[in-house]
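Top line first, the protein sequences correspond to chains A and B. Using the numbering used here, you'd call the opening residue of the first sequence number 1 and step up by one each time. Using the numbering used here, you'd call the opening residue of the second sequence number 1 and step up by one each time. Note that CB positions come from ideal geometry on N, CA and C, so glycine has one too. The model shown is predicted, which means the values in this text are computed figures rather than measured ones.
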Amino acid sequence: MSQETFERELARHADGVHGAPLTFDDVRGKARSIRRRRRTAAAGAVAAAAALVVIVPSVLAGGGGHRSDEPPVAPSSTKGVDPGHDGVPVLREGAITYDDGTRIRPRVGNDRIVGFTTLGSDRWVVSVLPDSGQTEAVVIDDSGQALDRYPISGALVAADDHEAVAWVDPAGAPQVLVAGAERPLSLPPVEGRSPTAVALVGACPDDCRVIGRDAGGAGLGSSWSVSTDGDVQALPGSIPAVIDATADGSLLAVIDGYAPDDIHVCSGAYDPGLGDFRWHGCDDNVFEFAPDGGLVATTFAEGLGPTRITVRDAADGRVVGEVQGGWISSFAWEDATHLLVVRVADDGGTLLERWGPEGTTTVLEGPTTDMDLLEPSLQLPLG
Amino acid sequence: MAVDRDADFTAYLEARQARLLRTAYLLTGDQHQAEDLLQTSLAKLYLAWDRVRDRESVDAYVRRIMVNENNSLWRRGWRRRELTTDTVPETAPFHDRYDDGTGAAVWAVVQTLPRKARAVVVLRYYEQLSEAETAEVLGISVGTVKSQCSRALASLRERIGEEAR
Numbered sequence: 001m002s003q004e005t006f007e008r009e010l011a012r013h014a015d016g017v018h019g020a021p022l023t024f025d026d027v028r029g030k031a032r033s034i035r036r037r038r039r040t041a042a043a044g045a046v047a048a049a050a051a052l053v054v055i056v057p058s059v060l061a062g063g064g065g066h067r068s069d070e071p072p073v074a075p076s077s078t079k080g081v082d083p084g085h086d087g088v089p090v091l092r093e094g095a096i097t098y099d100d101g102t103r104i105r106p107r108v109g110n111d112r113i114v115g116f117t118t119l120g121s122d123r124w125v126v127s128v129l130p131d132s133g134q135t136e137a138v139v140i141d142d143s144g145q146a147l148d149r150y151p152i153s154g155a156l157v158a159a160d161d162h163e164a165v166a167w168v169d170p171a172g173a174p175q176v177l178v179a180g181a182e183r184p185l186s187l188p189p190v191e192g193r194s195p196t197a198v199a200l201v202g203a204c205p206d207d208c209r210v211i212g213r214d215a216g217g218a219g220l221g222s223s224w225s226v227s228t229d230g231d232v233q234a235l236p237g238s239i240p241a242v243i244d245a246t247a248d249g250s251l252l253a254v255i256d257g258y259a260p261d262d263i264h265v266c267s268g269a270y271d272p273g274l275g276d277f278r279w280h281g282c283d284d285n286v287f288e289f290a291p292d293g294g295l296v297a298t299t300f301a302e303g304l305g306p307t308r309i310t311v312r313d314a315a316d317g318r319v320v321g322e323v324q325g326g327w328i329s330s331f332a333w334e335d336a337t338h339l340l341v342v343r344v345a346d347d348g349g350t351l352l353e354r355w356g357p358e359g360t361t362t363v364l365e366g367p368t369t370d371m372d373l374l375e376p377s378l379q380l381p382l383g
Numbered sequence: 001m002a003v004d005r006d007a008d009f010t011a012y013l014e015a016r017q018a019r020l021l022r023t024a025y026l027l028t029g030d031q032h033q034a035e036d037l038l039q040t041s042l043a044k045l046y047l048a049w050d051r052v053r054d055r056e057s058v059d060a061y062v063r064r065i066m067v068n069e070n071n072s073l074w075r076r077g078w079r080r081r082e083l084t085t086d087t088v089p090e091t092a093p094f095h096d097r098y099d100d101g102t103g104a105a106v107w108a109v110v111q112t113l114p115r116k117a118r119a120v121v122v123l124r125y126y127e128q129l130s131e132a133e134t135a136e137v138l139g140i141s142v143g144t145v146k147s148q149c150s151r152a153l154a155s156l157r158e159r160i161g162e163e164a165r
């Protein structure tokens with residue numbers, strides 16, 4: 001048996017396949033539906049999450065990855081890992097891992113982890129996608145044990161100080177879980193189809209707001225703000241899709257239209273105090289403000305995901321740096337001025353890199369390669 | 001110009017879709033899934049058409065989309081549920097050529113391969129990409145391509161040997 005046997009028999013098998021030819025209109029119609037879905041996702045789940053999770057051919061370390069087609073992961077052998085541990089953790093092989101090797105493996109069975117964050121110094125919260133398709137937030141203790149599970153509409157978001165997380169329940173009620181609290185605080189429900197949280201701003205629990213949006217009709221939807229004292233506000237129609245906010249809420253990243261090329265979107269940083277955009281353009285659909293709101297990382301993500309990230313001064317949009325090359329699968333702010341990026345380089349190796357304000361990019365880990373092509377090998381936490 | 005772009009894309013669509021459907025079929029193992037996969041992948045290609053500046057690399061780009069999309073669809077699980085509730089589809093095309101058993105053995109091996117290893121085999125042996133090209137499309141090392149192909153060949157030899165016994 002040789003390579004030629006495979007070549008011959010695969011060709012023979014495939015030769016019998018003849019489908020009804022697709023027309024340009026078939027493809028364009030499908031593209032339109034994908035674009036509508038992406039706009040919703042970009043303005044909601046994707047952009048709201050601090051870490052991009054895009055499907056790229058990836059290269060991962062070791063077997064035992066956490067995928068729905070594999071057996072449940074073994075319970076964590078580590079006990080008493082402090083969620084307030086120094087450094088930014090990454091999700092690797094289904095385990096939240098710190099740079100000194102400390103690991104905590106959330107016990108979420110076969111569910112795929114799509115996002116994670118620490119919650120103060122007592123717990124982690126992961127968002128998982130079970131086979132049911134209903135995303136859930138799972139609260140994890142310091143041994144990896146799942147304490148509670150909550151169904152989510154849209155995305156899980158974290159406060160920039162990681163002292164609180166928020167999501168919207170399937171009935172449309174924003175939920176805020178604060179470090180130290182046993183149960184989430186349930187806020188008044190919002191109207192609209194497929195609502196999602198996009199940011200948590202202010203100091204929780206006393207003075208904070210969940211900012212979110214809904215899918216709306218055929219357009220960009222609409223955005224809202226719900227405070228922990230129960231005040232529900234519809235945001236102006238001129239800022240239909242809020243996709244991120246600074247920790248103090250002084251700037252909102254907003255998608256407000258479609259670009260002339262009908263591929264990209266028009267977006268920018270909106271100042272609620274000013275009632276207008278500080279800066280605006282027609283390119284990117286993902287924004288992630290740094291913890292202090294001084295910088296913002298932006299990119300355009302669709303298809304296989306972005307190939308570059310632009311770092312801008314959040315106040316005026318001035319470009320201060322760029323990370324590019326390969327396929328970017330995840331990024332998150334390490335602090336006010338350093339951005340962590342997981343990138344699959346052109347040669348197939350996965351790299352964890354740190355971008356700094358001096359314009360340099362430092363490789364922290366990698367390149368690593370493995371057979372697990374399609375799951376991001378490393379995932380950075382929600383901001 | 002959008003008109004030029006659409007005409008350009010249409011030309012590519014007409015020239016390549018038959019071949020791409022066969023690749024999709026080998027990746028999915030089911031004609032209906034293959035048709036869905038192809039339509040979705042071409043739609044995503046259309047959305048990114050302006051960014052694929054090098055027309056020589058379009059095939060590589062769409063292959064990458066197909067592999068990722070196929071995994072994504074499968075991972076979401078809805079396809080498996082669909083197959084259990086729908087009328088059982090015709091999952092294999094009709095072949096009227098004589099098969100001494102080798103063809104069936106190859107197909108059986110391909111169908112039992114992990115989805116990702118299967119992509120390696122399809123790109124390497126059906127698309128006849130080089131090891132380096134296969135590695136590039138899938139974002140893996142050349143060594144991984146070699147090892148996965150070796151495993152597939154070993155599986156085939158084992159299967160043929162068992163059937164001969």
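> Are the C-beta of alanine 51 of chain A and some C-beta of chain B separated by less than 9 Å?
Replying inline: Here alanine 51 of chain A scores only 36 on pLDDT, less than 50, and its place in the model should not be relied on; the value that follows carries that caveat. Cβ-Cβ to chain B under 9 Å: no for alanine 51 of chain A.
> Using 9 Å as the limit for Cβ to Cβ distance, is leucine 3 of chain A near chain B?
Replying inline: What sits at residue 3 of chain A in the sequence shown is glutamine, not leucine. Closer than 9 Å to some Cβ of chain B, the Cβ of glutamine 3 of chain A qualifies, so yes.
> Going by the beta-carbon positions, is the gap between alanine 332 of chain A and leucine 295 of chain A smaller than 9 Å?
Replying inline: no
>> By the 9 Å beta-carbon criterion, what residues does the segment 108-138 of chain B contribute toward chain A?
In response: Val109, Val110, Pro114, Arg115, Lys116, Ala117, Ala119, Val120, Val121, Val122, Arg124, Tyr125, Tyr126, Gln128, Ala135, Glu136, Val137, Leu138
> Counting only runs that start and end within the segment 86-126 of chain A, where is the beta strand (DSSP E) found for 3 or more residues in a row?
Replying inline: 90-92, 95-97, 112-119
>> Considering only DSSP beta bridges, list what glutamate 322 of chain A is partnered with.
In response: A:Thr310
> Between glycine 392 of chain A and chain B, is there a C-beta pair that is closer than 9 Å?
Replying inline: Residue coverage of chain A in this structure runs from 1 to 383, which leaves residue 392 of chain A outside it and unanswerable.
> Any idea what DSSP makes of histidine 32 of chain B, helix, strand or coil?
Replying inline: helix
>> Suppose you measure from the CA of aspartate 4 of chain B to the CA of phenylalanine 277 of chain A; what does that come to, to the nearest Å?
In response: 34 Å
> Mind checking aspartate 260 of chain A: buried by the 16 CB within 10 Å criterion, or exposed?
Replying inline: Reading off the sequence, residue 260 of chain A comes out as proline, not aspartate. Burial call: exposed.
>> Comparing C-alpha positions only, which one of B:Arg19, B:Asp6, B:Leu13 sits nearest to tyrosine 126 of chain B?
In response: B:Arg19
> Is the Cβ-Cβ distance between tryptophan 124 of chain A and isoleucine 96 of chain A less than 9 Å?
Replying inline: yes
>> Whole angstroms are fine: how far does the CA of threonine 196 of chain A sit from the CA of leucine 37 of chain B?
In response: 28 Å
> With a CB to CB cut of under 7 Å and the five nearest residues on each side skipped, what residues in its chain are close to glycine 366 of chain A?
Replying inline: Gly349, Thr350, Leu351, Leu352
> Counting only runs that start and end within the segment 230-314 of chain A, where is the alpha helix (DSSP H) found for 4 or more residues in a row?
Replying inline: none
> How would you call leucine 374 of chain A, buried or exposed, if buried means at least 16 neighbouring beta carbons within 10 angstroms?
Replying inline: Because the pLDDT of leucine 374 of chain A is 42, which lies under 50, any placement of that residue in the model is unreliable, and the question is left without a value.
>> Between which residues of its own chain and arginine 209 of chain A is the CB-CB distance below 6 Å, once the five residues before and five after are set aside?
In response: Val201, Gly202, Ser225, Ser227
>> Which of the three DSSP states is assigned to valine 190 of chain A in this structure?
In response: coil
> glycine 359 of chain A: which of A:Arg312, A:Asp256, A:Ile255 sits nearest, CA to CA?
Replying inline: A:Arg312
>> Please confirm whether valine 106 of chain B has its beta-carbon closer than 9 Å to some beta-carbon of chain A.
In response: yes
>> Do valine 342 of chain A and valine 90 of chain A have their beta-carbon atoms positioned less than 9 Å apart in this structure?
In response: yes
>> Using 8 Å as the cut-off, can you tell me whether the segment 59-71 of chain B makes contact with the segment 140-153 of chain B, which would need three or more C-beta pairs spanning the two stretches below that distance?
In response: no
>> Taking the alpha-carbon of aspartate 82 of chain A as reference, which of A:Gly94, A:Arg112, A:Leu119, A:Glu93 has the nearest alpha-carbon?
In response: A:Leu119
> With 16 other CB atoms within 10 Å as the buried threshold, where does histidine 66 of chain A fall?
Replying inline: Caution applies to histidine 66 of chain A, whose pLDDT of 29 falls short of 50 and renders its modelled position unreliable; the value that the coordinates give is listed next. Histidine 66 of chain A is buried by the Cβ-count criterion.
> Going along the chain, which residues of the segment 148-169 of chain A sit with their C-beta nearer than 7 Å to a C-beta in chain B?
Replying inline: none
>> In this structure, how does DSSP classify isoleucine 140 of chain B when only helix, strand and coil are distinguished?
In response: coil
> Could one say the Cβ of glutamate 7 of chain A lies closer than 9 Å to chain B's Cβ atoms, at least one of them?
Replying inline: yes
> Is alanine 247 of chain A near proline 291 of chain A, with beta carbons less than 9 Å apart?
Replying inline: yes
> Counting contacts by CB-CB distance shorter than 9 Å, is leucine 352 of chain A in contact with chain B?
Replying inline: no
> glutamate 56 of chain B touches chain A at which residues, Cβ-Cβ below 9 Å?
Replying inline: What glutamate 56 of chain B touches in chain A: nothing, since even the nearest Cβ is about 16 Å away.
> Do you know whose CA, among A:Asp169, A:Arg183, A:Thr298, A:Val286, lies nearest valine 320 of chain A's CA?
Replying inline: A:Thr298
> Any idea if threonine 134 of chain B is buried or exposed, counting beta-carbon neighbours within 10 angstroms, 16 or more meaning buried?
Replying inline: buried
> Can the beta-carbon of threonine 135 of chain A be found less than 9 Å from the beta-carbon of valine 165 of chain A?
Replying inline: no
> Would aspartate 6 of chain B count as contacting chain A if we go by Cβ distances under 9 Å?
Replying inline: yes
> On the three-state DSSP scale, how would you describe arginine 55 of chain B?
Replying inline: helix
> Are glutamine 122 of chain B and threonine 23 of chain B close, meaning C-beta to C-beta below 9 Å?
Replying inline: Going by the sequence as given, residue 122 of chain B is valine instead of glutamine. In contact: valine 122 of chain B and threonine 23 of chain B (Cβ atoms closer than 9 Å).
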